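This report refers to the structure that appears directly beneath it.
In UniProt numbering, the protein residues as written are 1 to 127.
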């Protein structure tokens, strides 16, 4: 595993790393990391390792942050609430998705997708 890790020394320009910090290179994909622990966590992507297991359901993850997010699905707690209607959600991303339902813009505009008018799509259809 460690044969694919290379110390890069100080970043040569601000484009390599804005603070000019020392970096470690992933030898498999070229991504740079400041901390060795971040590179180790990243390396699971390449190996397919999933060392973090949910004790409640047995599902496994390659990163601890993904395990923590998953564990919230087992909780009844819903700490994220909509300011407009009061509906609550377990995960912030669910709240973010819900907020789109309060938008005055049509779904087509929100997503940026172009669709034909519904009437044109359904013309001649049997229900």
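Virtual Cβ for every residue (Gly too), placed ideally from N, Cα, C.
Keep in mind it's a predicted model, so treat the numbers as computed, not measured.
Quiz item: With 16 as the cutoff for other CB atoms within 10 Å, does residue 39 come out buried or exposed?
Solution: What you label residue 39 is simply residue 39 of the chain shown in a count that begins at 1. With 16 or more other Cβ atoms within 10 Å, it is buried.
Quiz item: Which two residues bound the contiguous alpha helix (DSSP H) that contains residue 45?
Solution: Translated into the one-based positions of the chain shown, residue 45 becomes position 45. From DSSP, the alpha helix (DSSP H) with residue 45 extends over 36 to 47.
Quiz prompt | Which listed residue (75, 65 and 91) has its alpha carbon closest to that of residue 82 | solution = Start at 1 with the first residue of the chain shown, and residue 82 comes out as number 82. Nearest option by C-alpha distance: 91.
Quiz item: Which of helix, strand or coil does DSSP assign to residue 67?
Solution: Here the question's residue 67 lines up with position 67 in the chain shown. Reduced to three states, the DSSP call for residue 67 is helix.
Quiz prompt | Spatially closest choice to residue 139 from 70, 103, 32 and 25, by CA coordinates | solution = Residue coverage of the chain in this structure runs from 1 to 127, which leaves residue 139 outside it and unanswerable.
Practice problem: Report the rounded CA-to-CA distance for residue 45 versus residue 62, giving the unit in angstroms. | Solution: By one-based count along the chain shown, residue 45 stands at place 45. By one-based count along the chain shown, residue 62 stands at place 62. Distance between the alpha carbons of residue 45 and residue 62 is about 7 Å.
Quiz prompt | For residue 53, three-class secondary structure by DSSP | solution = Residue 53 sits at position 53 when you count from the first residue of the chain shown. Strand, per DSSP.
Quiz prompt | Presumed contact (8 Å Cβ cut-off) between residue 31 and residue 42, rounded CB distance | solution = Your numbering for residue 31 matches position 31 in the chain shown. Your numbering for residue 42 matches position 42 in the chain shown. Going by Cβ atoms, the distance from residue 31 to residue 42 rounds to 7 Å, so yes, they are a contact pair.
Practice problem: Rank 84, 86, 54 and 64 by C-alpha distance to the C-alpha of residue 75 and give the top, closest one. | Solution: For the purposes of this step, residue 75 is identified with residue 75 of the chain shown, where counting begins at 1. Ranking the options by Cα distance to residue 75, first place goes to 54.
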